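Number of protein chains: 2
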Amino acid sequence: MTDSNPSNTRDAEYLAKLQDYYADWKSIPSYASLCDVFGIASKSWVKAILDRLEKAGFVERTPDGIWIPTSNFFARHVADASVPAGMPVMVGSSHGDYHVIDDMLIDTPSKTTLIPVKGDSMIGAGIHDGDLAVVEKRNLANVGDIVVAIVDGEFTLKTLGKEGGKFVLRPENPDYPVIHPQGTLEIFGILVGLVRKYK
Amino acid sequence: MTDSNPSNTRDAEYLAKLQDYYADWKSIPSYASLCDVFGIASKSWVKAILDRLEKAGFVERTPDGIWIPTSNFFARHVADASVPAGMPVMVGSSHGDYHVIDDMLIDTPSKTTLIPVKGDSMIGAGIHDGDLAVVEKRNLANVGDIVVAIVDGEFTLKTLGKEGGKFVLRPENPDYPVIHPQGTLEIFGILVGLVRKYK
DNA sequence: TTGACAGCAGAACGTACGTTCTTTACGATG
DNA sequence: CATCGTAAAGAACGTACGTTCTGCTGTCAA
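Protein chains in written order, with our numbering: chain A, -12 to 186; chain B, -12 to 186.
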């Protein structure tokens, strides 16, 4: 994060046009197409504009040289007078439909699944019945991680613990017993996020 | 939404790799670069794969011919908790439902903001310090709703209650006092979702 | 054992892309 | 009135991109 606002008003207009285009197509096109978007006729000037927007921290480039938007590109500050000044109000989601939350919680889409939480055995960790667990699939975990294990053919969400050299599954609720798995403990994945929807 | 699953398992693997790449770079690169991503050496075969993924409804093209993901591309599978059998390779299976978390939580993007939770005054409702509150801006709420109110120029997250005909803000933690606002109670919005990121 | 087909590699080609350089127009400044 | 900086146009160039075709290799069925 560098400048956070375009140096001059004209670049702000160009940024707005680019944001509108991106909202439609979810991509930044070639310089030639950007000439139409910006309403100018010179590719070199388009490049100059994008270079400035890059400096200002609104766009960046992939290793392949493709222009992509940064998070600043989507940030919209809350323009409500009643909002106390200096509050940590974050981005409202989406100019266009950029997926802010998914992006935050999911590092590796191909290894991530969503599993609904059943029961209140983890209520001590603030995990309630009906919550959605964001789980990254892998079979190795550390003691202290909250893991999804497969016990008796069912998913179960518990904290991974160790007792006397053996792994155990600890619920975060005194009403439930600690699970001592016989044989090998089959771990499906570890908890990387939690989502709850109200109403 | 057309097919919603790749015709064969190999395309599902390619899709997974493309999703992982996109999570990193938020763009689909050139065919040449996709060769590295997919682990193959032929541009023509990359094109064939993307054509099939387009048919399956995971990617599409802009008027400029640039490949972009569709909404299907981002949808994560929600597992059925009681049926873990045959789990690991059900990538792209047609049954079960797929969801994008942002779409789940956010109905009205223009009225929704994300506010970090500070403190443990709502810990009884499973809302912890550091969680991210998904808040829909509005100034009317019902008793029982969890609301974001503005008290002394600061955001505060509490349950809306009523005592003797007057609204009060109730924390979900016995260590904290019930707030009796003097004058009018300024409500910023109501809690519609909660997001937590582990590690 | 011989097709046939899926899965992939590799080359060939034309175009359009990004980059750089030069030129122009114009308002502000001194 | 000269000069300077900003905003843009336009041309020139080499490369890398997308497309298409042809060729290769393994697998399975007849």
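By construction, the Cβ of each residue, glycine as well, lies at the ideal position given by its N, Cα and C atoms.
These numbers come from a predicted model, not from an experiment.
**Item:** Buried or exposed by the 16-neighbour rule on C-beta atoms within 10 Å, applied to B:V130
**Value:** It counts as exposed.
**Item:** Alpha-carbon spacing of B:D132 relative to A:P56, whole angstroms
**Value:** The C-alpha of A:P56 is placed about 37 Å away from the C-alpha of B:D132.
**Sequence ranges, alpha helix (DSSP H) only - wholly within the region 9 to 52 of chain B, length at least 4** = Taking only runs of at least 4 residues, the alpha helix (DSSP H) segments lying wholly in the region 9 to 52 of chain B are 18 to 25 and 30 to 42.
**Request:** Helix, strand or coil for A:T171, going by three-state DSSP, please let me know.
**Result:** Three-state DSSP puts A:T171 in coil, outside helix and strand.
**Message:** Pull the bridge partners of B:F154 from the DSSP assignment, please.
**Reply:** According to DSSP, B:F154 bridges with B:K149.
**Asked** Taking A:R125 as the reference, which of A:D116, A:L119 and A:I137 has the closest Cα?
**Response** It is A:I137.
**Contact with chain A by B:A10, beta-carbon distance below 8 Å** = With 8 Å as the cut-off, B:A10 counts as an interface residue toward chain A.
**Asked** With a cut-off of 8 Å, does the C-beta of B:I27 fall near any C-beta of chain A?
**Response** Chain A contact via Cβ: absent.
**DSSP three-state assignment for B:V179, whether helix, strand or coil** = The answer is strand: DSSP assigns B:V179 an E or B state.
**Prompt:** Is there a Cβ from chain B that is less than 8 Å from the Cβ of A:H115?
**Reply:** So, interface residue.
**Prompt:** How big is the Cα-Cα spacing for A:T95 and B:E150?
**Reply:** Going by the C-alpha atoms only, they are around 48 Å apart.
**Request:** Pull up the DSSP beta-bridge partners for A:T99, would you.
**Result:** Residue pairing for A:T99: DSSP places it in a beta bridge opposite A:E123.
**Message:** Spatial neighbours of B:I93 within its chain, please: C-beta separation below 6 Å, excluding the five flanking residues on both sides.
**Reply:** Excluding residues within five positions, the ones whose Cβ falls inside 6 Å are T99.
**Segment limits, beta strand (DSSP E) that includes B:D132** = Boundaries for B:D132: no beta strand (DSSP E) harbours it, and the DSSP string shows neither H nor E there.
**Request:** Quickly, what does DSSP pair B:Y1 with across the bridge? List them, please.
**Result:** In the DSSP output, where bridge partners are listed per residue, B:Y1 has none listed.
**Message:** So, for A:D(-2): in the same chain, excluding its five sequence neighbours on each side, which residues have a beta-carbon less than 7 Å away from its beta-carbon?
**Reply:** Counting only Cβ-Cβ distances below 7 Å, and skipping sequence neighbours, we find I36, R39 and L40.
**Prompt:** Does the beta-carbon distance from B:G26 to B:V121 come in below 8 Å?
**Reply:** Not closer than 8 Å, so no.
**Message:** Are the CB atoms of B:L119 and B:P103 within a distance shorter than 8 Å?
**Reply:** Yes; because the gap between Cβ atoms is below 8 Å, this pair is in contact.
**Item:** Stretch-stretch touch, CB-based, cutoff 8 Å, three pairs: the region 151 to 163 of chain A with the region 7 to 23 of chain B
**Value:** Per the Cβ contact rule, the region 151 to 163 of chain A is not in contact with the region 7 to 23 of chain B (fewer than 3 Cβ pairs under 8 Å).
**Request:** Say whether chain A places a C-beta atom closer than 8 Å to the C-beta of B:A3.
**Result:** Chain A, which has a Cβ nearer than 8 Å to the Cβ of B:A3, makes this yes.
**Prompt:** Got a sec, what are the start and stop residues for the alpha helix (DSSP H) B:D89 sits in?
**Reply:** Segment I88 to L92, the alpha helix (DSSP H) holding B:D89.
**Request:** Enumerate in chain order the residues of its own chain whose CB-to-CB distance from A:A19 is below 7 Å, with the five nearest sequence positions on each side excluded.
**Result:** Around A:A19: K30.
**Request:** Label A:N113 either buried or exposed according to how many other C-beta atoms from any shown protein chain fall within 10 Å of its C-beta, with 16 as the threshold for buried.
**Result:** Residue identity check: residue 113 of chain A is Gly in the sequence provided, not Asn. Buried, by the Cβ-count rule.
**Asked** So, is B:K34 buried or exposed, given that buried needs 16 or more other C-beta atoms within 10 angstroms?
**Response** Exposed, by the Cβ-count rule.
**Asked** Does DSSP put B:D84 in a helix, a strand or coil?
**Response** Three-state DSSP puts B:D84 in a strand.
**Request:** Could you name the residues that DSSP lists as bridge partners for A:A136?
**Result:** Paired residues: A:T143 and A:I174.
**Asked** A:K184 bridges to which residues according to DSSP?
**Response** Within the DSSP bridge table, the entry for A:K184 names B:G180 as partners.
**Message:** Run through chain B and tell me which residues come within less than 8 Å of A:V179, C-beta to C-beta.
**Reply:** By Cβ distance, chain B contributes K184, Y185 and K186.
**Asked** Does the separation of the CB atoms of B:F142 and B:F175 fall below 8 Å?
**Response** B:F142 is a Cβ neighbour of B:F175, given a cutoff of 8 Å.
**Asked** Taking 8 Å as the CB-CB limit, is A:L40 close to chain B?
**Response** Under the 8 Å criterion on CB atoms, A:L40 is classed as non-interfacial with respect to chain B.
**Request:** Residues of the region 83 to 102 of chain A with a CB closer than 9 Å to any CB of chain B: list them in chain order, please.
**Result:** Of all residues in the region 83 to 102 of chain A, D84, Y85, H86, V87, I88, D89, D90, M91, L92, I93, D94, T95, P96, S97, K98, T99, T100, L101 and I102 have a Cβ within less than 9 Å of some Cβ in chain B.
**Item:** Cβ pair A:H86, A:R183 closer than 8 Å
**Value:** It is not a contact, given that the beta carbons lie outside the stated cut-off.
**Asked** Taking the alpha-carbon positions, what's the B:S108 to B:G148 distance?
**Response** Taking the straight line joining both Cα atoms gives about 15 Å.
**Message:** By the DSSP assignment, the alpha helix (DSSP H) with A:S58 in it spans what residues?
**Reply:** Taken as a continuous stretch (DSSP letters only), the alpha helix (DSSP H) holding A:S58 covers S58 to F61.
**Request:** Please name the residue in B:D23, B:D139, B:G111 and B:G117 whose C-alpha comes closest to that of B:R157.
**Result:** Cα-wise, what sits closest to B:R157 is B:G111.
**Asked** Between the region 43 to 60 of chain A and chain B, which residues of the former have CB atoms less than 7 Å from a CB of the latter, in chain order?
**Response** Shown in chain order are the members of the region 43 to 60 of chain A whose Cβ falls below 7 Å from a Cβ of chain B: T49, D51, I53 and I55.
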